[in-house]
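These protein sequences, in sequence, are chains A and F. Residue 129 in numbering that gives the first Met the number 0 is what sits at position 130 of the first sequence, and the numbering runs on without skipping anything. Residue 84 in numbering that gives the first Met the number 0 is what sits at position 85 of the second sequence, and the numbering runs on without skipping anything. Below is one structure; the comments refer to it alone.
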Amino acid sequence: MSPFSLLGEPMKALEIRGLKKSYGDFLALKGIDLAVEEGEVFALLGPNGAGKTTLIRILAEGLGYDSGEIAVFGEPLSKRTARLIGYAPQASVAYDLLTVEENLRFYADLYDAPKERVKKLILEFSLPAKKKARELSGGFKRRLNLAIALLYEPRLLILDEPSAGLDVPSRRELWSLIMRLRKEGRTVLLATHYMEEAEALADRVAIMNEGRVIAVGTPDELKSLAGEGSVIHVEGILKGTELVRKEFPRTIEREGTLRIGVEEAKTALPRVVELLVEAGSEIRTIRVEEPTLEDVFLKLTGRGLE
Amino acid sequence: MKVRAIKAIIGKDLRETRRERMALFWIFVFPLMWITLLGGIWGGHNPPITVDVGVVYFNESAPFTAADIVNVMENVTMEGVHVFKVRGYPNESAGVDAVRAGRIDVLLVFPKGFGENVLSGLQAEVYAYFDRSDPQNYQIVSGVIKGFFSEFAKEMTERRLNITLGYMEKYVPADAMGNFTVADLKRYMLGLTNPLELEEREVKGEAPSAIQFYVTSFIGIQFLFATMLMIGSGTLEEIEHGTLRRIAASPATAWDFLIGKMLSTFIVITVSIVIGIVYAKLVFGETVFPSALGWLIIFLAAVFSMSLGLAIAMGTRSIKATNAIVNLISMPLLFLAGVVIPESVLPEWARPIANYFPLGTALRNLRLLELYHRLPNEIMPQVAWVAVSAFGMLLVAVALYNWAVRRLS
Numbered sequence: 000m001s002p003f004s005l006l007g008e009p010m011k012a013l014e015i016r017g018l019k020k021s022y023g024d025f026l027a028l029k030g031i032d033l034a035v036e037e038g039e040v041f042a043l044l045g046p047n048g049a050g051k052t053t054l055i056r057i058l059a060e061g062l063g064y065d066s067g068e069i070a071v072f073g074e075p076l077s078k079r080t081a082r083l084i085g086y087a088p089q090a091s092v093a094y095d096l097l098t099v100e101e102n103l104r105f106y107a108d109l110y111d112a113p114k115e116r117v118k119k120l121i122l123e124f125s126l127p128a129k130k131k132a133r134e135l136s137g138g139f140k141r142r143l144n145l146a147i148a149l150l151y152e153p154r155l156l157i158l159d160e161p162s163a164g165l166d167v168p169s170r171r172e173l174w175s176l177i178m179r180l181r182k183e184g185r186t187v188l189l190a191t192h193y194m195e196e197a198e199a200l201a202d203r204v205a206i207m208n209e210g211r212v213i214a215v216g217t218p219d220e221l222k223s224l225a226g227e228g229s230v231i232h233v234e235g236i237l238k239g240t241e242l243v244r245k246e247f248p249r250t251i252e253r254e255g256t257l258r259i260g261v262e263e264a265k266t267a268l269p270r271v272v273e274l275l276v277e278a279g280s281e282i283r284t285i286r287v288e289e290p291t292l293e294d295v296f297l298k299l300t301g302r303g304l305e
Numbered sequence: 000m001k002v003r004a005i006k007a008i009i010g011k012d013l014r015e016t017r018r019e020r021m022a023l024f025w026i027f028v029f030p031l032m033w034i035t036l037l038g039g040i041w042g043g044h045n046p047p048i049t050v051d052v053g054v055v056y057f058n059e060s061a062p063f064t065a066a067d068i069v070n071v072m073e074n075v076t077m078e079g080v081h082v083f084k085v086r087g088y089p090n091e092s093a094g095v096d097a098v099r100a101g102r103i104d105v106l107l108v109f110p111k112g113f114g115e116n117v118l119s120g121l122q123a124e125v126y127a128y129f130d131r132s133d134p135q136n137y138q139i140v141s142g143v144i145k146g147f148f149s150e151f152a153k154e155m156t157e158r159r160l161n162i163t164l165g166y167m168e169k170y171v172p173a174d175a176m177g178n179f180t181v182a183d184l185k186r187y188m189l190g191l192t193n194p195l196e197l198e199e200r201e202v203k204g205e206a207p208s209a210i211q212f213y214v215t216s217f218i219g220i221q222f223l224f225a226t227m228l229m230i231g232s233g234t235l236e237e238i239e240h241g242t243l244r245r246i247a248a249s250p251a252t253a254w255d256f257l258i259g260k261m262l263s264t265f266i267v268i269t270v271s272i273v274i275g276i277v278y279a280k281l282v283f284g285e286t287v288f289p290s291a292l293g294w295l296i297i298f299l300a301a302v303f304s305m306s307l308g309l310a311i312a313m314g315t316r317s318i319k320a321t322n323a324i325v326n327l328i329s330m331p332l333l334f335l336a337g338v339v340i341p342e343s344v345l346p347e348w349a350r351p352i353a354n355y356f357p358l359g360t361a362l363r364n365l366r367l368l369e370l371y372h373r374l375p376n377e378i379m380p381q382v383a384w385v386a387v388s389a390f391g392m393l394l395v396a397v398a399l400y401n402w403a404v405r406r407l408s
């Protein structure tokens, strides 16, 4: 495959064309087209099973694919481009019995990275150098994964579900680290199923569903796809949600909350309250919000992100 | 090949091994326990065998009776140990029952008139009952009993001759003797009754001690268990933990990983073997220090063992299944490949296993070289066989490893 940055266009950090991948009869990626600009944070947003991890494993772990073309900074994806890509998978890649410093040294040797990077990253990420990896909290394990991915100063950093399973403070700390990387001008591709994460971190977002990219744009551009209108957010002990969904199809129910996409909140709000109260709900809070990326996803696919 | 990556994998594996208590136990403590146990049981000086003898004899008033022979038997010692433990039985059938039940090794029945026959110069008969169901025990017991009676008969022959010659000296006229002297006659008659005389002469043998044998057994055990399991389960852990995928995605190649993994395993096994060797020297005062060729044999056996372990692990891709299969292969081989039991006492059908299974061959030739001081050229064909097997198994393991890595992708 020849490098395929189009004539006259600036070189992309990552360019994917017509990428297809199947597992037996199951088509996991059904023709992905994507371009990530250098220096941007690009999020792949989609529910579990959308194909995000498959795409990331093709890019970062050399997972084979059926057809399509991939170029990293203009070079076809290969073992040679491995050093251009830093990858922090969702699961820890640290060896439990080694200390943080030993883990970093091991990967530095594997990637032939300068030894000074180890000390620098320990300081930069405030990592406990002498602690064994198995003694680290979930948040520190993610930080270590991130530090390992940055050891050889890759030009493209790929993060798979960077904050999945973390508590809120750890998630915020990790986000601030990623934002710092963005400020440093590093290109970041992150896969997430948390729309808050994509909204908070990404310059552009690709929404994926069932092996396809169904929309790409900045968060604001995507939110505009949700159309005119607002979202009514209801919390409490809710009954009669089916009746609400029947009348307002853009309704998502999750863990005692309802998000209802409506054209005009002023007229829809009394009707929603009426339906819920009549069904015996105990409403704790109710508020009107701007649409989120999840609402966009709902509008595009007819279902929620989780 | 990336030397820095290989060194990183070796260093990482060694650190992990040092910090894994269970691994330390199985690699270092268990083999030492093994040497201590076997050395403690069989490592000391072997005392002479004691034979349980049952006797049936009849009270006689003659000056020499069966009781006198029994008395002699009871007093035969070797290195301060009584060779015969004698107990009397009232009759033949009670004694035979005791043989059948294994309470005694042999029953000697001295029939009536035994003493009289001995004294009157006639042939005296003794009946010996052996249990021949255990050929090895029968060989030992009958050998000891026949040896005793042979010595006893020789002694009697000489005494009878002396008595006879005494009479001849006294009553036969000197001219009737011709050119023969009494001494000539005695030599001649001794030759008639005892045409072959076996004279024992002691030689300090070079046969290995039990401790030396078990030090080499311990090396064999390392090949059969630790080496195979270490590399097999170590690689599977990397697969399960997701780190092999991470390594595979790095600039390091599959070969870098494999070489690093094998070298780290070999280093651990070598350290373990050296500890065992030194331990035997410190505790039992004896050991085996392999020569350069000995270490080459150890290296080749380790390559075979590691390759087999890796092939099993990559074939099953499950730590539990790998452990089960390694145990399934190694447990019988522990005995059948001559690892803990000398090949000489193995049944005939098991000997080809010890001869041709590469780990058995390696161990046998290591023993021939280090314990029996065979010349290198005498064992070279067998060493070549081990080398070829190790290389062949390595190719199989690499093929399976590549297949497993491809499946990961």
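Every residue, glycine too, gets a C-beta built ideally from N, C-alpha and C. Here the structure is a predicted model, which is why all the values come from computation and not from measurement.
- With fewer than 16 other beta carbons inside 10 angstroms of its own, F:Asp133 counts as exposed.
- In its chain, beyond the 5 residues on either side, Arg181, Val187, Leu200, Ala201, Asp202 have a beta carbon closer than 6 Å to the beta carbon of A:Val40.
- Within its own chain, the residues whose Cβ lies closer than 7 Å to the Cβ of A:Arg185, once the five positions on either side in sequence are excluded, are Leu156, listed in chain order.
- Chain order gives no chain A residues near F:Lys84, where near means a beta carbon separation below 8 Å; the closest approach is about 59 Å.
- In the DSSP assignment, F:Asp51 falls within the unbroken beta strand (DSSP E) covering 50-55.
- Below the 9 Å Cβ cutoff, chain F contributes no neighbours of A:Leu145, its closest Cβ being approximately 14 Å away.
- The beta carbon of A:Pro88 falls within 8 Å of a beta carbon belonging to chain F, placing the residue at that interface.
- DSSP places F:Arg245 in the helix class (H, G or I) of the three-state scheme.
- Bounds of any alpha helix (DSSP H) do not take in A:Phe41; it lies within the beta strand (DSSP E) bounded by 40-44.
- For chain A, none of the residues of the segment 128-140 of chain F brings a beta carbon within less than 8 Å of one of its beta carbons.
- If you check the CB distance, F:Gly337 and F:Gly359 come in under 8 Å.
- Those residues of the segment 98-121 of chain A placed with their C-beta closer than 7 Å to a C-beta in chain F are Glu101, Phe105, Asp108, Leu109, Tyr110, Asp111, ordered along the chain.
- With a threshold of 8 Å between beta carbons, F:Lys260 makes no contact with chain A.
- At least one C-beta of chain A is nearer than 8 Å to the C-beta of F:Gly241.
- Closer than 8 Å to the CB of F:Ile34 there is not a single CB belonging to chain A.
- Within chain A, no residue has its beta carbon less than 8 Å from that of F:Arg20; the closest one is some 10 Å off.
- For the segment 62-80 of chain A, the set of residues with a beta-carbon nearer than 8 Å to any beta-carbon of chain F comprises Leu62, Gly63, Lys78, in chain order.
- A distance below 6 Å between beta-carbons, with the five flanking residues on each side excluded, links F:Met72 to the following residues of its chain, in chain order: Phe83, Val85.
- Here DSSP, grouped into helix, strand and coil, assigns A:Ala81 to helix.
- Within the same chain, and ignoring the five residues on either side of F:Gly293 in sequence, the residues whose Cβ sits closer than 7 Å to its Cβ are Leu365, Leu368, Glu369.
- If you ignore the 5 residues before and after F:Asn401, its C-beta comes within less than 8 Å of the C-beta of Ala253, all in its own chain and listed in chain order.
- From the beta-carbon of F:Ile246, the residues of chain A found nearer than 7 Å are Leu109.
- Within the segment 75-134 of chain A, complete beta strand (DSSP E) segments of at least 3 residues are found at 84-87, given in chain order.
- Under the 10 Å beta carbon count, A:Phe139 is surrounded by 16 or more other beta carbons and is classified as buried.
- The beta carbon of A:Pro113 sits closer than 8 Å to those of Ala107, all from its chain and outside the five residues before and after it, given in chain order.
- In this structure, F:Ala251 lies near A:Leu109, with their beta-carbon atoms less than 8 Å apart.
- Nearest C-alpha to A:Pro161 among A:Leu189, A:Leu58, A:Ser175: A:Leu189.
- With distances taken between CA atoms, F:Ser388 lies nearest to F:Leu307 out of F:Ile378, F:Ala93, F:Leu307, F:Tyr371.
- Around the C-beta of F:Lys260, 16 or more other C-beta atoms lie within 10 Å, and the residue is accordingly described as buried.
- Along the length of the segment 255-299 of chain A, whole alpha helix (DSSP H) runs at least 4 residues long occupy 264-277, reported in chain order.
- For F:Ala396, the CB contacts under 6 Å within the same chain, skipping 5 residues up- and downstream, are Ser306, Leu309, Ala310 in chain order.
- Within the same chain, and ignoring the five residues on either side of F:Pro30 in sequence, the residues whose Cβ sits closer than 7 Å to its Cβ are Phe217, Ile220, Gln221, Ser271, Gly275.
- Beta-bridge partners assigned by DSSP to A:Leu155: A:Ile84, A:Thr186.
- Taking a C-beta distance under 8 Å as the contact criterion, A:Val233 and A:Leu257 qualify as a contact pair.
- Less than 8 Å separates the beta-carbon of F:Ile34 from that of F:Ala279.
- Not flagged as an interface residue toward chain A: F:Ser232, since no C-beta distance is shorter than 8 Å.
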